[in-house]
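In numbering that gives the first Met the number 0, the protein residues as written are 0 to 303. The beta carbon of each residue, even a glycine, is placed where N, CA and C say it ideally should be. What you are looking at is a predicted structure, and each value in this text was computed from that prediction instead of being measured. Accompanying notes for the structure given below.
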Amino acid sequence: MKTFRHTLLVSALGVSALIAVSDQAVAQNPPPPDHPTITVHGQTLNPRTILARNMGTPQDQESQFPPHKIIGNIYYVGTKTLSSFLITTPQGNILIDSTYERNVPVIQKSVEQLGFKFTDIKILLGNHAHGDHMEGDALVKQLTGAQVVHMAEDIPALKEIKPGGKEHPIDRIIHDGDKVTLGNVTLTAHLTAGHTRGCTAYTTTVQDGGRNYNVMFGCSLRPGAAVPPNVAEEFTRSFKVVRTLPCDVQLGDHGAQYNMQEKYAKLKAGGPNPFVDPASCFYEADVEEAMFHAILEEQKTAGR
Ligand SMILES: [Zn+2]
0 MKTFRHTLLV SALGVSALIA VSDQAVAQNP PPPDHPTITV HGQTLNPRTI
50 LARNMGTPQD QESQFPPHKI IGNIYYVGTK TLSSFLITTP QGNILIDSTY
100 ERNVPVIQKS VEQLGFKFTD IKILLGNHAH GDHMEGDALV KQLTGAQVVH
150 MAEDIPALKE IKPGGKEHPI DRIIHDGDKV TLGNVTLTAH LTAGHTRGCT
200 AYTTTVQDGG RNYNVMFGCS LRPGAAVPPN VAEEFTRSFK VVRTLPCDVQ
250 LGDHGAQYNM QEKYAKLKAG GPNPFVDPAS CFYEADVEEA MFHAILEEQK
300 TAGR
């Protein structure tokens, strides 16, 4: 048991060190295990296939996905597999997730194709402190002068993300339940730790077609290969929290977490807005909570 705990701790540290660089680094060196296997809502997945689903190919991570309006004043401006969201207001715009630094020009192009100015971005938020979501923060700050807002618990990990040696910009530090307001838009930050210590889900409301909708920008709930007890406690709390968040439209840091490609195809076909899908709001939580319990079970068995 003692030996196992030691091994677990060492491997947990190894994994988090790798994750601090990026999910992609984990995908390459080493890939997550192909066990345990779970079946949720008819889909059979393991840690390796979940990461592959999220990241796609290196090319997918860098290629522009057609920028589009999701609902109200919320737009998609990310790549094929790494989400970036633009929220517009009469007083300037909010960007969620800069992704990799090399993707910032792709995001800028998408913002401009939608008819907005990149320099109108006044606030930059991030989903969680991994390079595939927040490596480009310094460059976005440099190009727009945006105020960069981070959840307190992610600050130590963010300080390690320094592309080209650039210090990670930190203009405002927020805590669970804090609000971020620009113009007529207010986002509420919810700490949903586990994947990182400061993983943050944001909620807001939008108006579209004369109706109000709750929008939830979920944070990753994907457990690492090993789940130490303190992280297990964070996940246990987070799975409860996400299920209490008001949600008609669920979004996520990877399009795969909310079937973006499928919904976008429906959007192009016309008809009711496919992104309004309350029934699937906690699909990702269902998948990752099942995986979390399967990993804990596997750890327990290995420790016997
Ligand atoms: Zn991540």
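- Remark: the shortest separation between the CB of H194 and any heavy atom of ligand 1 falls under 7 angstroms.
- Only buried fits R221, as 16 or more other CB atoms lie within 10 angstroms of its CB.
- Segment contact: the segment 224 to 239 against the segment 267 to 277, fewer than three CB-CB distances shorter than 8 angstroms; contact not assigned.
- In this structure N126 is not in contact with I86, their Cβ atoms being roughly 14 angstroms apart against a cut-off of 8 angstroms.
- Restricting attention to A225, V226, N72, T48, the CA atom closest to the CA of N211 is found in N72.
- No heavy atom of ligand 1 is found nearer than 7 angstroms to the CB of S109.
- In chain order, H127, A128, H129, D153, A156 place their CB closer than 7 angstroms to the CB of T195, counting only its own chain and leaving out the 5 sequence neighbours on each side.
- A straight line joining the alpha-carbon of Q298 with that of A225 spans about 8 angstroms.
- As for any alpha helix (DSSP H) of minimum length 4 sitting wholly inside the segment 216 to 284, the runs are 228 to 241, 259 to 268, ordered along the chain.
- About 6 angstroms separates the beta carbon of S279 from that of Q249, a gap short enough to meet the 8 angstroms contact definition.
- Closest by C-alpha distance to G114, out of D131, A145, H67, T78, is H67.
- DSSP assignment within the segment 87 to 153 yields the following whole alpha helix (DSSP H) runs of 4 residues or more, N-terminal first: 103 to 112, 130 to 133, 136 to 143.
- Judged by their CB atoms, I122 and I93 are nearer to each other than the 8 angstroms cut-off.
- K239 counts as exposed, since fewer than 16 other beta carbons sit within 10 angstroms of its beta carbon.
- If you compare the alpha carbons of G144, A145, L124, S62 with that of P104, the shortest gap goes to S62.
- Residue range 46 to 54 is occupied by the alpha helix (DSSP H) that includes I49, with no beta strand (DSSP E) assigned at that position.
- E288 has its alpha-carbon roughly 18 angstroms from the corresponding atom of A51.
- L138 and E100 have their C-alpha atoms some 7 angstroms from each other.
- Judged by beta-carbon spacing, T191 lies beyond the 8 angstroms limit of K178, meaning their Cβ atoms are not closer than that value.
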